[in-house]
């Protein structure tokens, strides 16, 4: 099959032909597992990586409700296509009836957390925030190091957070992306669905934590998951809601340094009363010395209980190579009824987020299951459409015979030629009108820019705009008959403390869309309508300290530089695709 192209670059007929090719030459239109997540297919291969040479490997069959040991692998094998193919062949030979294979990689050799910089508290907007974090992490966490090509960032909700934000972010690097890509390409070559997921092992285990820890005692709990290279600290309220999730790197030591100070600070900052500290060893590292160290160095006003819980999955699975994180495959271990935390992690799937998903540039080229079913239905409908076409042609023939009997049919050649000339002239005039009507459409005017500034920064907002730069550019790289275009507003100014909430609201897709919608409704200027799918709004806010700020300066009615502690730059970009009604025609004048 020839290489696929993005449907956005194809016309309707080319998109249809490509979908027909995929349906004819692959099993994507007959096997629904191609379109499911790896953790939902019947046969699942779970692998766990902790940083040691050995890779834990176990296989779970949902239909059989049974775990078995998986193919033996080590870390170097994950870079060898021959070793990976041999392991898949070995696994499938023992499950000859399998319709697909889901490979779930539990990544337990790295774990990083970062707080988002904005005062985020909207539960309904969590999916949108997560989407923004995937596509533009710098806009959410404010770090230049958050390069999407090298690291994947995902949102993790913390329903027990005392103060906003109500979530944190977890990062996983792409070091194992090549391993999962080899598996996916192997599935494509075999025309057999091999689905992959790269999960954060600590998140997966926290979602099944109620299987090993009692959350009905009414005690606050500080749970330390101890891995080989890091520890993960999860703080739970008395009602079982996660207050905070934090990564504690070991920095080459067997245990996280200054753990006593970290725990003491967490207890004080979250106002925990008589909390319980639970240490959970997730590897074979001895953890008893850590308890002794904590008992000797933990400086608290009241004595706290320190427990060790050693989770064992073998007793539940009867499989020696399973590990606790793998129990996420069995919904009965997720404890979704205990609290919002475990409902969101388990039932809503926040713990099953794929950090190493297939690039969207690839998935966008593939038709969905509904698209392929519709294509199949259309093929069945072709005979019916043929009969309809015959009926239409017959009716047209009957009408033609009737028309030939009308007096107008008797027009001579001179009259007919005159009418045809008039029609040609009218057609030419109409094309000229359409051409200039497109070019002269209201796309960009100065007064609407002033309206945009007024809507973004109303009177008494606490923000002062010093400079506004407005630019437009046309995208002439497309092969279609029209060109998309983009326009960008860059505003620089000063901000008081009172205007920070406004800047944070503007630095979100929903916030800037509300501004554009208001302008569209008030002015009727169509270019500000953000609802069409052919338009996209992007916003970036950069904030820095104002060196002219003087805390003791008298306040003015209109804030002066010495009254404003911050400088800011906000860039708003609106993109119109070549399919937008306002796209610019590239044809010459008719």
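In our numbering, the protein residues as written are -2 to 587.
Glycine included, every Cβ here is placed at the ideal spot set by N, Cα and C.
Given the structure is predicted, the values throughout are model-derived calculations rather than measurements.
Only counting the same chain, and skipping five residues up and downstream in sequence, which positions put a Cβ closer than 6 Å to that of residue i?
| i | result |
| --- | --- |
| residue 556 | 461 and 493 |
| residue 176 | 75 |
| residue 208 | 330 |
| residue 567 | 488 and 538 |
| residue 64 | 55, 57, 314, 316 and 319 |
| residue 332 | 207 and 339 |
| residue 85 | none |
| residue 342 | 204 and 348 |
Which word fits residue i, buried or exposed, when buried means at least 16 other C-beta atoms lie within 10 angstroms of its C-beta?
| i | result |
| --- | --- |
| residue 390 | exposed |
| residue 420 | exposed |
| residue 392 | exposed |
| residue 185 | exposed |
| residue 398 | exposed |
| residue 73 | exposed |
| residue 385 | exposed |
| residue 290 | exposed |
| residue 241 | buried |
| residue 256 | buried |
| residue 234 | buried |
| residue 217 | buried |
| residue 449 | buried |
| residue 309 | exposed |
| residue 349 | buried |
| residue 447 | exposed |
| residue 380 | exposed |
| residue 249 | exposed |
| residue 548 | exposed |
| residue 668 | Absent from the structure is residue 668, since the part of the chain shown begins at -2 and ends at 587. |
Quick one: grab the DSSP three-state call for residue i.
| i | result |
| --- | --- |
| residue 475 | coil |
| residue 278 | strand |
| residue 195 | strand |
| residue 304 | strand |
| residue 98 | strand |
| residue 23 | coil |
| residue 143 | Note on residue 143: pLDDT 49, under 50, position unreliable in the model; the coordinate value appears next. Correct three-state label for residue 143: coil. |
| residue 17 | helix |
| residue 108 | coil |
| residue 360 | helix |
| residue 589 | A question about residue 589 goes unanswered here, because the residues of the chain that appear run from -2 up to 587. |
Start and end of the beta strand (DSSP E) containing residue i?
| i | result |
| --- | --- |
| residue 40 | 40 to 46 |
| residue 233 | 227 to 233 |
| residue 483 | 482 to 492 |
| residue 89 | No beta strand (DSSP E) holds residue 89; the alpha helix (DSSP H) holding it covers 78 to 90. |
| residue 240 | 239 to 246 |
Looking only at its own chain, which residues have a Cβ that is under 8 Å from the Cβ of residue i, when we skip the five neighbours before and after it?
| i | result |
| --- | --- |
| residue 171 | 146, 147, 148, 149 and 353 |
| residue 60 | 39 |
| residue 95 | 39, 40 and 89 |
| residue 628 | The question about residue 628 has no answer, for the chain in this structure spans -2 to 587. |
| residue 66 | 54, 55, 56, 316, 317 and 318 |
| residue 285 | 305 |
Could you tell me the boundaries of the alpha helix (DSSP H) in which residue i lies?
| i | result |
| --- | --- |
| residue 444 | 443 to 453 |
| residue 588 | A question about residue 588 goes unanswered here, because the residues of the chain that appear run from -2 up to 587. |
| residue 517 | 506 to 520 |
| residue 556 | From DSSP, residue 556 is part of no alpha helix (DSSP H); its letter is neither H nor E. |
| residue 501 | 497 to 503 |
| residue 176 | 174 to 187 |
| residue 542 | It is not in any alpha helix (DSSP H) - residue 542 instead sits in the beta strand (DSSP E) that spans 532 to 542. |
| residue 262 | 256 to 266 |
| residue 131 | 123 to 132 |
| residue 293 | 285 to 294 |
Closer than 7 Å by C-beta to residue i: which residues in its own chain qualify, once you throw out the five before and the five after it? Chain order, please.
| i | result |
| --- | --- |
| residue 558 | 491, 543 and 545 |
| residue 482 | 469, 470, 471, 472, 573 and 581 |
| residue 48 | 106, 225 and 226 |
| residue 495 | 459 |
| residue 570 | 483, 485 and 535 |
| residue 520 | 445 and 448 |
Of all the CB atoms in chain D, is at least one closer than 8 Å to the CB of residue i?
| i | result |
| --- | --- |
| residue 246 | Given the protein chain composition of this structure (a single chain), no chain D is represented. |
Below 8 Å on the Cβ atoms is my guess for residue i versus residue j; work out the distance and round it to an integer in Å.
| i | j | result |
| --- | --- | --- |
| residue 323 | residue 103 | 7 Å |
| residue 292 | residue 303 | 6 Å |
| residue 43 | residue 101 | 5 Å |
| residue 210 | residue 221 | Between residue 221 and residue 210 the Cβ distance is about 12 Å, and since that is not below 8 Å, they are no contact. |
| residue 156 | residue 267 | So it is not a contact: roughly 14 Å between Cβ atoms. |
| residue 109 | residue 167 | 7 Å |
| residue 540 | residue 500 | 7 Å |
| residue 194 | residue 87 | About 21 Å separates the two Cβ atoms, so there is no contact after all. |
| residue 204 | residue 325 | 6 Å |
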